[in-house]
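Structure first, then comments.
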Amino acid sequence: MTAAARPTPLQRLSSLLYLHPRLLLLLLLAPPLLWLGVIYLGSLFALLLQSFYYIDPFSGTIVREFSLSTYRELFTAANADIFLRTVLMAAAVTVAAAIIAFPVAYYMVRHASLKMKALLFLGVMLPLWSSYLVRVYAWKLLLAKEGIVTWFAEQLHLTWLLDAILAIPVIGGPSLSISYIGTFLVFLYIWLPFMILPIVAALERVPRSLTEASADLGARPGQTFRKVVFPLAVPGVVAGSIFTFSLTLGDYIIPRIVGNSRPFIGLAIYQLQGVAGNIPLAAAFTVVPIVVMAVYLVIARRMGAFSAL
Amino acid sequence: MSNPDSTAVSFSSVSRVFGEVRAVDNVSFDVGEGEFFSMLGPSGSGKTTCLRLIAGFEQPDAGRILVHGRNVEGVPPYERDVNTVFQDYALFPHMTVYENVAYGLMIRKVPSAERRRRAEEMLEMVKLAGMGERKPSQLSGGQRQRVALARALINHPSVLLLDEPLGALDLKLREQMQDELKSLQRRVGITFIYVTHDQGEALAMSDRLAVFNHGRIEQIGAPGEIYEHPATAFVAGFVGVSNLCEGALAQRLAGSTRPFAIRPEKISMLPASGAAPDGAVTVLGKVSAATYLGSTTRFVVALEGGGELTVVRQNSGGSLSVTPGDGVRLCWSRALMQPLQGPAK
């Protein structure tokens with residue numbers, strides 16, 4: 236071996252990067268920053284800009300001038316119904332998902348054996364591997380009047396119960412697949428993994444010694460849960476709720492396939508930009524979920540949801 | 047310890063098995079009221095499992111545990127009158143220091159004014175007055191350790207369990223905390239059961255200590271007793287440093303093949319021509335290594351006829367200057383040799 240072999244260009248490059256860590260950082264961060272800054276945020280601002288244009292009511296063309304007339308159009312009673320319907324649905328789905336996800340996540344982290352845990356992870360992830368559309372259509376069939384849910388209710392002589400549920404005003408309907416209940420169930424099914432996984436991640440960061448310390452200091456299991464485990468898992472619940480809430484706010488496929496075809500925000504945007512060609516109003520509509528999410532995050536912060544991070 | 051009223055914790059033939067491993071294997075001991083009792087042993091020797099059995103995080107598979115005369119079988123941790131200082135402190139990260147300390151009182155629904163008064167008293171006692179509004183993440187390791195101590199002591203437990211509480215601290219702080227813990231224990235008069243793998247710590251703080259190995263207790267006694275009269279080769283080797291002699295070497299030095307231990311600092315080193323006192327055990331050898339350790343120097347001496355002994359000598363000045371290669375005469379009083387049970391390891 237020669238004592239001073241000439242460095243190859245590759246070796247010289249790695250030395251250069253080693254000696255100039257900022258250069259390396261810049262090289263690594265340039266693509267994601269370009270993507271986030273220019274394409275992602277840029278298109279979002281372009282969208283927001285669109286919402287300040289308006290449609291000329293006579294010619295039907297877009298007038299590229301700053302105006303608040305599109306926002307005046309946005310806040311009509313019919314549109315307020317759409318916002319309310321969507322936000323209530325998103326809130327209901329989020330609360331139900333949190334209630335179902337928490338025990339599952341808790342079991343996975345605290346009690347399940349390694350094998351069981353892997354199995355449960357697979358169970359949570361598996362639906363995400365198949366097509367979203369196929370799953371939604373499958374649910375339409377399950378919930379239909381001729382579907383398996385109705386059949387099951389018949390076998391158990393619980394048809395009266397199903398009828399009673401469907402007879403509830405507003406959320407009921409002729410069948411599960413043509414009611415808010417059906418839309419709610421499908422939303423809940425589709426977004427549940429996005430609630431379970433963040434809660435699992437949060438619970439895994441709570442060391443067992445903390446629950447032992449709480450028991451040691453005299454707290455019964457219920458008290459330990461309320462005072463220690465749950466407060467420390469709240470950031471996970473909030474992270475999950477951001478997913479379920481915002482995904483429900485923006486979805487336009489599920490309410491079209493399962494439900495009573497009353498419009499949700501996503502559906503309204505889809506129709507405004509597609510059929511009606513009213514891009515400014517569609518853009519104004521998209522501002523609504525952004526504002527709702529911003530308000531939600533501020534409230535979550537105020538309530539100390541992130542203080543345990 | 048025969049009076050049952052003065053026994054804080056009593057183990058009789060307690061075992062705890064995890065799968066194939068007998069973590070605690072037929073262990074019996076009594077801890078007296080107000081005693082500072084240490085459980086010393088290497089990791090995996092069963093000392094922490096014993097502590098968890100007292101706290102109630104584990105249940106014994108066999109045997110009986112009494113806490114103040116009450117059989118605690120099936121009693122959950124939250125109904126036991128003992129509190130624990132955890133190795134990682136286990137402070138609640140979402141609560142302030144004050145909320146952490148007052149946690150036990152809050153659970154027992156002590157009125158909030160009294161809660162605050164007692165928590166402040168406790169914080170003062172552990173020298174953290176005025177830190178109540180901070181979060182644990184804003185404290186140093188030593189401060190967190192004090193919070194954990196205050197949080198456990200505020201409940202006036204009958205027994206305080208400490209699981210290597212000083213393990214994460216640096217040496218200086220550890221020595222300072224040893225003194226503080228010891229004086230704190232005298233002031234509050236609560237029974238302390240202290241788990242550690244640091245023999246120096248156990249010797250310095252305990253009234254009595256139990257040396258654990260492979261889930262069993264090798265020896266129980268006062269620090270001086272354990273150090274001066276180790277019962278087994280394991281204790282002789284784990285608590286302090288010992289020369290373990292057995293077989294032919296033991297035969298040659300002591301006149302019997304029974305293994306024995308001799309502490310390096312008990313061996314005197316004379317010039318090869320020097321005369322040993324009457325009745326002393328004596329042997330000639332050659333210094334093969336000398337390590338300067340500040341206050342002492344450690345010599346390894348190869349003996350004539352095989353074997354070697356370690357000798358430690360104070361660097362007090364004026365004593366015989368010895369360098370590797372020198373011939374020396376070693377001698378010690380017969381009474382300082384400690385006969386051991388079982389084979390040396």
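Line by line, the protein sequences are chains R and Y. Residues 236 to 544, numbered by this note's numbering, are exactly what the first sequence covers, in order. Residues 47 to 391, numbered by this note's numbering, are exactly what the second sequence covers, in order. Backbone N, C-alpha and C fix where the C-beta goes; we use that ideal spot for every residue, glycine too.
Item, Value
"Give the range of the alpha helix (DSSP H) segment to which Ile-100/Y is assigned.", "93-101"
"Put Asp-3/Y into one of helix, strand or coil per three-state DSSP.", "In the structure displayed, chain Y extends from 47 to 391; residue 3/Y sits before or after that span and is not available."
"Closer than 9 angstroms, CB to CB, is Asn-72/Y near chain R or not?", "no"
"Do Thr-95/Y and Glu-81/Y have their C-beta atoms closer together than 9 angstroms?", "no"
"With Arg-197/Y and Asn-146/Y assumed to form a contact (beta carbons below 8 angstroms), what rounded beta-carbon distance in angstroms separates them?", "5 angstroms"
"Take every Cβ of the segment 299-315 of chain Y, pair it with every Cβ of the segment 369-377 of chain Y, and state whether three or more of those distances are shorter than 8 angstroms.", "yes"
"With DSSP run on the structure shown, which of helix, strand or coil describes Lys-350/R?", "helix"
"Interface residues of chain Y around Ser-444/R at Cβ under 9 angstroms?", "Phe-132, Gln-133, Asp-134, Tyr-135, Ala-136"
"In whole angstroms, what is the alpha-carbon distance linking Arg-262/Y and Phe-480/R?", "57 angstroms"
"Classify Leu-230/Y as helix, strand or coil using the three-state DSSP reduction.", "helix"
"Does the Cβ of Lys-93/Y have 16 or more other Cβ atoms within 10 Å, making it buried, or fewer, making it exposed?", "buried"
"Taking the continuous alpha helix (DSSP H) assigned at Asp-76/Y, which residues delimit it?", "Careful: Asp-76/Y lies outside any alpha helix (DSSP H), inside the beta strand (DSSP E) at 67-78."
"Is the Cβ of Ile-236/Y closer than 9 angstroms to any Cβ of chain R?", "no"
"Can you look up Phe-480/R in the DSSP assignment and give me helix, strand or coil?", "helix"
"Considering Lys-332/Y, what are the terminal residues of the alpha helix (DSSP H) in which it resides?", "That residue, Lys-332/Y, is in no alpha helix (DSSP H); its beta strand (DSSP E) goes 327-338."
"Using a Cβ-Cβ cut-off of less than 9 angstroms, give me the residues of the segment 450-462 of chain R that come near chain Y, in sequence order.", "Ala-450, Asp-451, Leu-452, Gly-453, Ala-454, Arg-455, Pro-456, Gln-458, Thr-459, Lys-462"
"Strictly below 9 angstroms CB to CB, what residues from chain Y border Ala-474/R?", "By Cβ distance, chain Y contributes nothing, its closest Cβ being about 16 angstroms from Ala-474/R, past 9 angstroms."
"Going by DSSP in three states, Pro-385/Y sits in which element: helix, strand or coil?", "strand"
"Buried or exposed for Thr-278/Y, going by 16 or more other Cβ atoms inside 10 Å?", "buried"
"Anything in chain R within Cβ reach of Ile-100/Y, meaning under 9 angstroms, just list it in chain order.", "In chain order: nothing, as chain R lies at least about 11 angstroms away."
"In chain order, what residues of the same chain lie with their CB nearer than 7 angstroms to the CB of Ile-272/Y, ignoring the 5 residues before and after it?", "Leu-255, Val-257, Gln-265, Val-281, Val-285"
"Does the Cβ of Gln-285/R have 16 or more other Cβ atoms within 10 Å, making it buried, or fewer, making it exposed?", "buried"
"Using the beta-carbon of each residue, which ones in chain Y are nearer than 9 angstroms to Glu-447/R?", "Arg-98, Ala-101, Phe-103, Pro-123, Thr-130, Phe-132, Ala-136"
"Look at the alpha carbon of Ile-153/Y and the alpha carbon of Pro-139/Y, and state the distance between them as a whole number of angstroms.", "17 angstroms"
"Measuring CA to CA, which of Pro-428/R, Pro-256/R, Ala-535/R, Ile-383/R is closest to Ser-410/R?", "Ile-383/R"
"Need the endpoints of the beta strand (DSSP E) that Met-85/Y sits in, please.", "82-86"
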